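Peer 1: Here our numbering runs 1 ahead of the position in the sequence shown, where the first position is 1.
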Amino acid sequence: FSLSSLLHKSIITNQILSVKMSALSIFFSILFCFLFSYGAATHKIISLPDQPPVNFSQYSGYITVDVNHQRNLFYYFVESEVNPSSKPVILWLHGGPGCSAVGEAAFTQHGPFLVTPKGLVKNPFSWNKEANVIYLDSPAGVGFSYSANTSDYIFLNDEFAARDHLVFLEHWFGEFSKFRTNDFFIAGESYAGHFAPQLANLILQTKSKINLKGIAIGNPLLEFDTDFNAMGEFLKLHGLISNSTYEMLNNVCSYATMRRQLRATGKLSTSCFQINIQMEKEIDGYIDIFNILADLCPVPPEKQAYLLAKERAGVKTNACIRDDSFAYLNRKDVQSALHAKLVGVKVWSTCSGVLVYDFQNLENPTIYLLGTLVKAGVRVLAYSGDQDAVIPFIATESLIYGLARDLGLNITRHHEAWFQGGQVAGWTQVYGNILTFATVRGAGHSTPLSQPERSLEMLKAFLKGKPLPKRPPFPIKKGLTSHSRI
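1) Would you check if the distance between the CB atom of residue 420 and the CB atom of residue 429 is smaller than 8 Å?
2) Which residue wins for smallest C-alpha separation from residue 446, given the options 194, 161 and 164?
3) Starting from residue 465, trace the alpha helix (DSSP H) in both directions and tell me its first and last residue.
4) So, helix, strand or coil for residue 123, using DSSP?
5) Considering only the alpha carbon of each residue, which of 413, 409 and 382 lies closest to residue 465?
6) Strictly by DSSP, which residues pair up with residue 128?
7) For residue 411, which residues in the same chain have their Cβ closer than 8 Å to its Cβ, ignoring the five residues on either side in sequence?
8) Kindly provide the ranges of any alpha helix (DSSP H) runs that are 4 or more residues long and lie completely inside the segment 379-438, ordered along the chain.
9) Is residue 375 helix, strand or coil when you go by DSSP?
10) With which residues is residue 93 paired in a DSSP beta bridge?
11) For residue 241, collect the residues of the same chain with a Cβ closer than 6 Å to its Cβ; drop the 5 residues on either side in sequence, then sort them by chain order.
12) Return the Cβ separation of residue 380 and residue 215 in integer angstroms, given the expectation that the two are a contact with Cβ distance under 8 Å.
13) Using the DSSP secondary-structure output, state which residues sit across from residue 100 in a beta bridge.
14) With a cut-off of 8 Å on the beta carbons, I'd call residue 220 and residue 392 a contact; round off their distance for me.
15) Quick check on DSSP: helix, strand or coil for residue 565?
16) Residue 155 by DSSP, collapsed to three states: which one?
17) Using the Cβ count rule (16 or more neighbours within 10 Å means buried), how would you classify residue 76?
18) Buried or exposed: residue 29, going by 16 or more other Cβ atoms within 10 Å of its Cβ?
19) Could you tell me if residue 267 is buried or exposed, where buried requires 16 or more neighbouring beta carbons within 10 angstroms of its beta carbon?
20) Quick test of the definition: if touching needs 3 or more C-beta pairs under 8 Å, does the segment 358-365 touch the segment 109-126?
21) Distance check for residue 81 and residue 132, CA to CA, integer angstroms please.
22) Could you have a look at residue 200 and say whether DSSP puts it in helix, strand or coil?
23) Ends of the alpha helix (DSSP H) at residue 271?
24) Quick check: what's the CA-CA separation for residue 171 versus residue 86?
25) Taking buried to mean at least 16 other C-beta atoms within 10 Å of its own C-beta, is residue 452 buried or exposed?
26) DSSP three-state call for residue 175: helix, strand or coil?
27) As a quick exercise: from 330, 203, 345 and 346, pick the residue whose alpha carbon is nearest that of residue 339.
28) Can you give me the Cβ contacts of residue 58 inside the same chain, cut-off strictly under 7 Å, excluding the 5 residues immediately before and after it?
29) Helix or strand or just coil, what does DSSP make of residue 469?
30) Rounded to the nearest angstrom, how far is the Cβ of residue 94 from that of residue 157, given a contact under 8 Å?
31) Taking Cβ positions, are residue 374 and residue 202 nearer each other than 8 Å?
32) In terms of DSSP beta bridges, what is residue 115 paired with?
33) From what residue to what residue does the alpha helix (DSSP H) around residue 59 run?
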């Protein structure tokens, strides 16, 4: 795969001009937001309902990113369990675009608590064991974030989102000034493949004093055709579709073409429709394409996230009971404890029902922005759950390889397994000791959800700038490996 077709001068020029033109407006937005500040102390959470005792502080509330429109972004911040003053700060941005970081990540993946029928329990693999973590509901209209001017919800785009993210951060660091000089990382999954590098690039372009060290993006959308067209190959190699269907995807109508047609017209062409029907028959609707290893539950895939979270917490439960996290975040006492409110909607939702995103942005490649970051000395980790069919690891691996080649980076760690708990946790390849690709074995689209312990091990190494573990802590006896039995 070559990136030459993506590096159009017009795209780069337009983005640079856009950054320069918006820099002044960002400055004044930050200034006005500081004037309307209420202080971090008012955002401190005394205790969440049904919460176990903890030894760390947590905060949540709103930061105004546009005073005139009263556009307010909601965040949930947890300090590190140990030595928060010296630990890095991570901003987690979720995907969708339009899904809640607080609901999807903080209470189901790597936040300090998991929701169970009996209340909250400690998450043994919470990321705040290694860092201070900010979970940001964005853009406005997502989760508890809102705008008093609902026009902000219509055809929102990546540039708008990046600007709000930077204004939020500058204001947040003003409130939490003790973290201003800490190492700072941006992390996220899926559409955060747009959000994270765009925000990081804006931090560099505006010469912000934020101490940006790296970004980590999981199963990221980086280049529309490469990412989505990899689905056919992934499904075929896993035996989920037939040879004939795979050939039609390659020669008649690709999966990227289907997505493009649906976005443009709301329907598929005759040939694409026929192929789509054939795919559905073969996959049979009994496989979650976000994690092909996940067992079937007759509820929407997004609800399975919460069920898996409860299993991690050791809670024995019917796989199809009511979504406890959804119920928890809709409790009035929980919203009060979080300093959250519902504006313009009747219930809190995992993914926004009011946001109308400009989905043309999906086709804007962001892979070249990773190159910009690497050139500036910002470390980049692109990781993939290897059981995700939506944005398969084979696409991300190809894109990162092509980027490294175009940047002239040498391979500093050749493709090999990495380990956690004495087992192979995935495979990795490193370029120039600054650009890393890694898979997480057995994980789906939301890697920390299905493989939380391996994900935490990967995060720990990345934050410290260390390589992923190379070998298990015990020797492998000869005669036990698979090739020795052939």
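No residue lacks a Cβ here, since even glycine has one placed at the ideal position from N, Cα and C. As the structure is a prediction and not an experimental result, all values here were calculated from the model.
Peer 2: Checking against the coordinates, here is how it stands:
1) Locating residue 420 in the sequence shown gives position 419, counting from the first residue. Locating residue 429 in the sequence shown gives position 428, counting from the first residue. No; because the gap between Cβ atoms is not below 8 Å, this pair is not in contact.
2) Position 445 of the sequence shown, counted from the start, is the residue given in the question as residue 446. Among 194, 161 and 164, the Cα nearest to that of residue 446 belongs to 194.
3) Here residue 465 is taken as the residue at index 464 of the sequence shown, counted from 1. From DSSP, the alpha helix (DSSP H) with residue 465 extends over 453-465.
4) Counting from 1 along the sequence shown, the entry for residue 123 is found at position 122. Note: residue 123 maps to strand in three-state DSSP.
5) By 1-based counting over the sequence shown, the position of residue 465 is 464. Ranking 413, 409 and 382 by Cα distance to residue 465 puts 382 first.
6) Numbered from 1 along the sequence shown, position 127 holds the residue referred to as residue 128. For residue 128, which the question treats as bridged, DSSP gives no partner whatsoever.
7) Your numbering for residue 411 matches position 410 in the sequence shown. The answer, listed in chain order, is 432 and 433.
8) For the segment 379-438, whole alpha helix (DSSP H) runs of length 4 or above, ordered along the chain, are 394-408.
9) The residue labelled residue 375 in the question sits at position 374 within the sequence shown. The three-state secondary structure of residue 375, taken from DSSP, is helix.
10) Position 92 of the sequence shown, counted from the first residue, corresponds to residue 93. According to DSSP, residue 93 bridges with 136 and 188.
11) Within the sequence shown, numbered from 1, the residue matching residue 241 stands at position 240. The beta carbon of residue 241 lies closer than 6 Å to those of 284 in the same chain, with the five residues before and after it left out.
12) The residue you call residue 380 lines up with position 379 of the sequence shown. The residue you call residue 215 lines up with position 214 of the sequence shown. Yes, residue 380 and residue 215 are in contact; Cβ-Cβ is about 4 Å, under 8 Å.
13) If you number the sequence shown from 1, residue 100 lands on position 99. 352.
14) Sequence index remark: in the sequence shown, residue 220 carries index 219 (1-based). Sequence index remark: in the sequence shown, residue 392 carries index 391 (1-based). Right, the Cβ-Cβ distance comes to about 5 Å (below 8 Å), so this counts as a contact.
15) The structure shown does not extend to residue 565, since the chain is modelled only from 2 to 487, so the question has no answer here.
16) Taking the first residue of the sequence shown as 1, we reach residue 155 at position 154. Three-state DSSP puts residue 155 in a strand.
17) Along the sequence shown, read from residue 1 onward, the residue named residue 76 stands at position 75. Buried: at least 16 other Cβ atoms inside 10 Å.
18) On the sequence shown, position 28 is the one that residue 29 refers to. Note that residue 29 scores 48 on pLDDT, short of 50, meaning its location in the model is unreliable; the coordinates nonetheless yield the value given after this. Only exposed fits residue 29, as fewer than 16 other CB atoms lie within 10 angstroms of its CB.
19) As a working note, residue 267 is residue 266 in the sequence shown. By the 10 Å Cβ count, residue 267 comes out exposed.
20) no
21) Numbered from 1 along the sequence shown, position 131 holds the residue referred to as residue 132. Numbered from 1 along the sequence shown, position 80 holds the residue referred to as residue 81. Answer to the nearest angstrom: the Cα atoms are 5 Å apart.
22) Numbered from its first residue, the sequence shown carries residue 200 at position 199. Of the three classes helix, strand and coil, the one that applies to residue 200 here is helix, per DSSP.
23) Reading the sequence shown from its first residue, position 270 is the one you call residue 271. Per DSSP, the continuous alpha helix (DSSP H) segment holding residue 271 begins and ends at 271-284.
24) Mapped onto the sequence shown, residue 171 falls at position 170. Mapped onto the sequence shown, residue 86 falls at position 85. The alpha-carbon atoms of residue 171 and residue 86 are separated by roughly 18 Å.
25) Position 451 of the sequence shown, counted from the first residue, corresponds to residue 452. By the 10 Å Cβ count, residue 452 comes out buried.
26) Working through the sequence shown from its first residue, we reach residue 175 at position 174. Residue 175 falls in the helix class under three-state DSSP.
27) The residue you call residue 339 lines up with position 338 of the sequence shown. Checked all of 330, 203, 345 and 346; the closest Cα to residue 339 is 330.
28) Numbered from 1 along the sequence shown, position 57 holds the residue referred to as residue 58. Around residue 58, the same chain offers 45 and 80 as residues with beta carbons nearer than 7 Å, after the five sequence neighbours per side are excluded.
29) Here residue 469 refers to the residue found at position 468 when the sequence shown is read from its first residue. It is coil, neither helix nor strand.
30) Here the question's residue 94 lines up with position 93 in the sequence shown. Here the question's residue 157 lines up with position 156 in the sequence shown. The pair is not a contact, with the Cβ atoms about 14 Å apart (cut-off 8 Å).
31) Position 373 of the sequence shown holds residue 374. Position 201 of the sequence shown holds residue 202. Contact flag set, yes.
32) Here residue 115 corresponds to residue number 114 of the sequence shown, with the count starting at 1. In the DSSP output, where bridge partners are listed per residue, residue 115 has 122.
33) Your numbering for residue 59 matches position 58 in the sequence shown. Per DSSP, residue 59 is not a residue of any alpha helix (DSSP H); the beta strand (DSSP E) it occupies stretches across 59-67.
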